[in-house]
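J.: Protein sequences appear in the order of chains A and B.
Take 1 as the starting number for the first sequence in our numbering and just add one per residue.
Take 1 as the starting number for the second sequence in our numbering and just add one per residue.
Every residue gets a Cβ at the ideal spot worked out from N, C-alpha and C, and that includes glycine.
Structure incoming, see below.
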Amino acid sequence: MSNPLRDMEKPDVIFCIGTNMTEAHPVAATRIKKAMARGAKLIVADPRVIGLAEMSDLYLQLRVGSDAALLLAMAHVIAREGLVDRAFMEDRTADGETFLEHVRDFTPEWASTITGVDPALIEEAALLYARAERGAIYYTLGITEHICGVDNVQSLCNLALMTGNVGREGTGINPMRGQNNIQGAGDCGAIPNNYPGFQPVTDPANQAKFEKAWGRKVELEKGITKVRALEAAGDTIRAMFIDGENTVVTDPDREHCEKALESLDFLVVADLFMTETAELADVVFPATAWGETDGTQTNTERRIQRLRAAVPPQGEAKPDWWIISELAKRMGFQGFDYQGPHQVFNELCELSVTYQGVNWDKVEDGAYQWPIPFDGHPGTPRLHEDGFINGRGIFKLIQYRDPAEVVDDDYPVWLTTGRRLASYHSRTQTGRSEGIDYLLPHETLEVHPDDVDGWGLRDGGWARMSSRRGSILIRVESTRRSPRGTVFASFAFNDTPVNLLTGGGYDPTTDTAELKVCPVRVEPAEAPERGSGERPQEVAAD
Amino acid sequence: MPQDPNGPTLFLDGQEVRFETGETLFQVAERYGKPIPTLCYDDRLEPFGGCRLCIVEVEGIRNPVASCTTKAEPGMRVTTKNGTLEMHRRVLLEMVASENREVDVDPLSGYASQELATLVDRYDARTGRFQGHRSGTSRPDDPNPFILRDYENCISCYRCVRVCAEQEGDYAISVKNRGFETQITVEFDGLLKESACTFCGQCVQTCPTGALADLKALARKEVPGDTKKTRTICPYCGVGCAVDMLTRGDTIVGIQPAMDGPANEGALCVKGQFAFDFIQHRDRLTTPFVRDEGGRLRPASWDEALDRAAEGLKAVVEEHGAHALYAVASGRAPNEAAFLMQKFVRAGLGTNYIDNCSRA
């Protein structure tokens with residue numbers, strides 16, 4: 001997030017797009033509710049009538065995967081109505097004139113043919129956001145999990161730059177990160193292109209820095225993403241070491257993913273449970289869980305906070321840092337002699353430019369938000385207040401692109417996936433917590449009541465849902481949360497493996513999977529013989 | 001609170017003190033170390049003035065006023081404690097206590113659950129002078145596994161109603177009837193699951209009597225030992241809510257929100273509040289596993305498993321090169337795990353073949 005969580009109570013106009021915040025980030029959503037109680041207006045763009053949509057002042061029910069068209073048209077209206085922040089654009093941005101010229105073609109009428117949203121509503125949303133003294137944008141994976149995820153994010157940046165809604169209280173471009181430490185994993189350099197602190201591996205100066213730190217040659221060429229590594233599994237990739245990820249269930253195209261991991265010569269997994277992924281491993285290490293582990297994690301507003309162990313580990317479980325270090329030592333690697341997590345964190349801080357000003361003791365109370373570039377720096381709750389890191393905010397010229405797969409006669413329905421309030425990811429944790437089943441006993445496919453009738457389905461009955469990659473059985477829930485022609489399910493339940501179906505394409509820049517769009521066919525089906533507990537084996541590939 | 005040296009002052013029990021415009025008498029007294037007893041106050045919520053325990057005397061005003069709803073004004077002469085006020089408070093507490101089935105509830109009930117018992121003890125109000133009718137009808141028919149609805153211990157402070165509306169924005173909890181018949185309920189008098197309730201547990205944590213209580217924690221009340229609190233951060237989404245993990249001995253007995261958590265300021269959701277028992281679940285891996293000759297995973301010692309893993313990975317690297325090994329870090333594990341996973345491939349193998357779960 002460019003702005004701190006507490007800023008969520010400050011905007012005049014809040015624009016939420018591709019974020020089901022009341023379910024996926026409920027505590028953050030409470031701040032939006034407080035802002036609204038204070039008088040802030042809420043614009044929500046989402047294909048589904050989610051909780052935020054019900055609360056909103058203006059709801060744009062766009063077709064899945066059409067965000068870029070909507071955002072181009074909003075920029076068009078803002079430019080046409082002369083609502084651009086000229087001073088901000090001149091002082092702080094680049095390529096603004098080209099951008100304003102670019103958006104002239106993208107009228108709300110044009111966008112309406114792609115998004116299905118009434119042009120008048122697009123106009124209204126653009127005017128509302130652009131006229132705000134403090135306009136803030138919030139988004140989640142509904143923006144990024146598309147083949148045009150980068151385009152979508154840059155389209156949002158364009159809107160914020162043209163209206164000067166950056167670098168001030170109650171404004172900003174704010175991605176809500178989905179996992180407790182997904183921000184930290186990137187901060188720490190667990191990505192193929194950057195060292196800790198987002199220092200590019202392709203920069204010879206960084207190469208020299210880390211060669212000195214680690215006393216060995218390091219590569220100047222970027223690595224490949226996990227998506228490409230799974231594609232190359234069994235071919236050029238022959239072994240994997242996976243820490244705390246149930247890849248088989250959470251990644252797209254489950255059949256492909258299982259085959260990839262099975263084709264490896266050697267697989268090592270560290271996890272809390274014998275997950276579907278761990279079952280494929282040659283060696284499984286038991287890792288300590290939340291409440292058993294001392295460490296740090298970094299939240300969506302870049303705040304570094306301390307995790308503290310409250311109970312001893314179960315059995316012989318060990319912390320990840322210990323497991324990785326012990327394995328490294330037995331591989332003959334140098335520099336893995338740690339006495340505790342504090343030493344690891346302090347080494348991270350020394351090498352990272354964003355964490356440089358803190359250490360284990362200083363993050364005790366969670367008071368710091370990065371960047372903290374030097375000792376004595378107070379941290380940076382709000383980014384871009386005095387300028388952009390790279391000088392100017394650069395406008396990007398975006399074109400709308402169709403999703404990787406679009407509906408056709410064989411697969412005439414849009415499937416989109418996401419989360420539900422009471423479950424988390426593949427339920428390895430919430431599924432083992434008493435009481436959660438009372439709120440969410442099984443997965444359902446959310447279908448508009450007219451489609452339930454039109455497709456010969458029955459509320460509470462079963463459907464067979466098929467994509468180009470596979471087919472699953474799923475219970476039907478008739479609900480007006482889904483628009484006509486679009487259905488929704490989460491990927492939480494292993495007996496309803498929705499990710500057998502997904503995986504039509506990937507963003508060309510980030511390799512992020514298009515999990516939010518998947519054309520499917522939905523047909524009535526008999527209940528699976530052994531009730532809901534078994535994964536229907538007979539319906540593997542289509 | 002930053003003090004304007006030229007700001008307004010008032011007299012608090014005879015002492016001249018500064019205050020900020022807009023502060024209530026309750027807040028000023030609290031800040032100057034003269035805490036006033038209350039049952040309906042939660043500093044995250046708008047003042048309510050319901051319990052009347054926080055009354056103070058203000059010179060020139062005939063009757064005592066509720067300090068939580070009275071704004072400080074320059075020159076006010078305020079008395080927070082004297083014989084009359086203390087007697088008034090004691091009688092109020094005697095009456096409140098008499099309406100409840102019990103005053104002493106297990107501290108695992110919730111964060112604020114001891115407030116009534118503490119005040120009743122401080123004011124020696126267990127006299128039973130007003131024993132008679134009890135107010136509130138319990139809802140043992142609600143089968144939800146998280147929130148006890150024992151309204152026989154309710155004192156109608158409305159904190160649950162207000163926290164649900166003001167803090168959560170859910171408006172699930174409401175009130176029916178008036179006076180002695182006042183009853184906390186939800187829409188249509190139904191079950192929580194059928195209401196707008198999201199089971200965030202905020203009502204449980206603000207309830208000063210344990211009428212609304214944490215059923216998951218109470219299910220562990222027989223675990224022996226003193227309850228210890230450890231400050232840590234919720235393991236689910238990226239908001240990073242601070243929590244206190246409640247333990248007795250080596251057993252986790254519950255979770256309470258950290259009221260001063262920088263990201264959450266006391267708020268939690270159903271996952272952070274109630275989905276903690278996976279940690280000590282019987283399915284946890286308690287030993288390493290290695291695949292045996294028959295292709296089955298079997299338990300192994302750390303030494304054997306580490307050696308097997310190192311040999312297996314080394315064999316691949318020796319035969320196919322360093323780029324044949326790929327590492328995936330977790331977005332769920334701490335920074336130290338992610339840092340060492342990338343160091344494993346970079347410092348160990350000299351490659352950048354590392355990613356985490358952010359792309360899917």
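Is there contact here, the region 92–99 of chain B with the region 125–141 of chain B, by at least three beta-carbon pairs under 8 Å?
T.: Counting Cβ pairs under 8 Å, three or more are found: they touch.
J.: Less than 9 Å between CB atoms is the rule here; does Tyr123(B) satisfy it with respect to chain E?
T.: This model lacks chain E altogether; the protein chains it does include are A and B.
J.: Taking DSSP as the reference, what is the three-state secondary structure of Val49(A)?
T.: In the three-state scheme derived from DSSP, where H, G and I count as helix and E and B as strand, Val49(A) is classed as coil.
J.: Can you pull the chain B neighbours of Arg481(A), defined as C-beta to C-beta under 8 Å?
T.: The contacting residues do not exist; Arg481(A) stays about 15 Å from chain B at best.
J.: Should Phe48(B) and Ile36(B) be called a contact, given that it needs their Cβ atoms to be closer than 9 Å?
T.: No, the pair does not count as a contact, with Cβ atoms beyond the cut-off.
J.: Taking Tyr138(A) as the query, report the chain B residues whose CB atoms sit under 8 Å from its CB, ordered along the chain.
T.: None at all; the shortest Cβ gap to chain B is about 12 Å.
J.: When you compare only the Cα positions, how much space is there between Ser467(A) and Met240(A)?
T.: 29 Å
J.: Short of 6 Å in beta carbon distance, which residues of its chain neighbour Val239(B), apart from the five on each side in sequence? Order them along the chain.
T.: Only Ala263 meet the Cβ criterion.
J.: For Phe48(B), go through chain A and note every residue whose CB falls closer than 8 Å to its CB, in chain order.
T.: Result: empty, since nearest Cβ-Cβ is about 16 Å, beyond 8 Å.
J.: Check the Cβ-Cβ distances between Ser358(B) and every residue of chain A, and say whether any is below 9 Å.
T.: yes
J.: Beta-carbon separation of Val204(B) and Ser195(B) under 9 Å?
T.: Not in contact: Val204(B) and Ser195(B) (Cβ atoms no closer than 9 Å).
J.: Do Ala404(A) and Ile147(A) have their C-beta atoms within less than 9 Å of each other?
T.: yes
J.: Mind checking who Trp414(A) pairs with in its DSSP beta bridge?
T.: Thr486(A), Pro519(A)
J.: Per DSSP, which residues does Phe16(A) bridge with? Please list them.
T.: Note on identity: in this sequence residue 16(A) is Cys, with Phe being the wrong assignment. Its beta-bridge partners are Val44(A), Tyr138(A).
J.: Pick out whichever of Tyr355(A), Val117(A), Gly167(A), Glu145(A) has its Cα sitting closest to the Cα of Ile137(A).
T.: Gly167(A)
J.: Going by Cα to Cα distance, which pick from Val249(A), Thr144(A), Leu62(A) is closest to Asn499(A)?
T.: Comparing Cα positions, the closest option is Val249(A).
J.: Compute the beta-carbon to beta-carbon distance between Arg481(A) and Val84(A), rounded to the nearest angstrom, for a pair I have assumed lies under 8 Å.
T.: That pair is no contact at about 36 Å.
J.: Roughly how far, in whole angstroms, is the beta-carbon of Trp414(A) from the beta-carbon of Pro497(A), given that I think they are within contact range, below 8 Å?
T.: Beta-carbon to beta-carbon, Trp414(A) and Pro497(A) are separated by about 19 Å, too far to satisfy the 8 Å threshold.
J.: Between Thr140(A) and Ala24(A), is the Cβ-Cβ spacing less than 9 Å?
T.: In this structure, Ala24(A) lies closer than 9 Å to Thr140(A) by Cβ.
J.: Buried or exposed for Met341(B), going by 16 or more other Cβ atoms inside 10 Å?
T.: Counting C-beta atoms within 10 angstroms of its own C-beta, Met341(B) has 16 or more neighbours from the protein chains shown and is therefore classed as buried.
J.: In terms of residue numbering, what span does the beta strand (DSSP E) encompassing Ile242(A) cover?
T.: 239–243
J.: If we require 4 or more residues per run, which alpha helix (DSSP H) segments fall completely within the region 384–449 of chain A?
T.: Within the region 384–449 of chain A, the complete alpha helix (DSSP H) runs of at least 4 residues are 436–439.
J.: Return the first residue and the last residue of the beta strand (DSSP E) that Gln305(A) is part of.
T.: Taken as a continuous stretch (DSSP letters only), the beta strand (DSSP E) holding Gln305(A) covers 304–307.
J.: Would you list, in chain order, the members of the region 265–278 of chain B that have their beta-carbon closer than 9 Å to a beta-carbon of chain A?
T.: Glu265, Ala267, Leu268, Cys269, Val270, Lys271, Gly272, Phe274, Ala275, Phe276, Asp277, Phe278
J.: Looking at the structure shown, is Pro119(A) part of a helix, part of a strand, or coil, going by DSSP?
T.: helix
J.: Can you give me the Cβ contacts of Trp362(B) inside the same chain, cut-off strictly under 7 Å, excluding the 5 residues immediately before and after it?
T.: Given a span of 1 to 360 for chain B in the structure shown, any question on residue 362(B) remains unanswerable.
J.: Suppose only complete runs of 4+ residues qualify. What are the alpha helix (DSSP H) ranges in the region 447–514 of chain A, listed by chain order?
T.: The qualifying runs are 449–454.
J.: List the endpoints of the continuous alpha helix (DSSP H) containing Lys318(A).
T.: No alpha helix (DSSP H) contains Lys318(A), which DSSP labels as neither H nor E.
J.: What are the boundary residues of the alpha helix (DSSP H) that Thr247(A) is part of?
T.: 247–250
J.: Can you give me the C-alpha to C-alpha distance between Tyr171(B) and Glu211(A), rounded to a whole angstrom?
T.: 58 Å
J.: According to DSSP, which residues form a beta bridge with Thr24(B)?
T.: Lys71(B)
J.: Looking at C-alpha atoms only, which residue of Pro4(A), Asp105(A), Val284(A), Leu58(A) is the closest neighbour of Val581(A)?
T.: Any answer about residue 581(A) is impossible in this case: the structure gives chain A only from 1 up to 542.
J.: Which partner residues of Asn174(A) appear in the DSSP bridge assignment?
T.: Tyr138(A)
J.: Which residues, in chain order, does the region 174–195 of chain A contribute to contact with chain B at a C-beta distance below 8 Å?
T.: Met176, Arg177, Gly178, Gln179, Asn180, Asn181, Ile182, Gln183, Gly184, Ala185, Gly186, Asp187, Cys188, Gly189, Ala190, Ile191, Pro192, Asn193, Tyr195
J.: Pull up the distance between the alpha-carbon of Phe266(A) and that of Ala185(A), whole angstroms please.
T.: Within the model, the alpha-carbon separation for Phe266(A) versus Ala185(A) is close to 24 Å.
J.: Could you confirm whether any beta carbon from chain B is found closer than 9 Å to the beta carbon of Arg38(A)?
T.: No, no contact with chain B.
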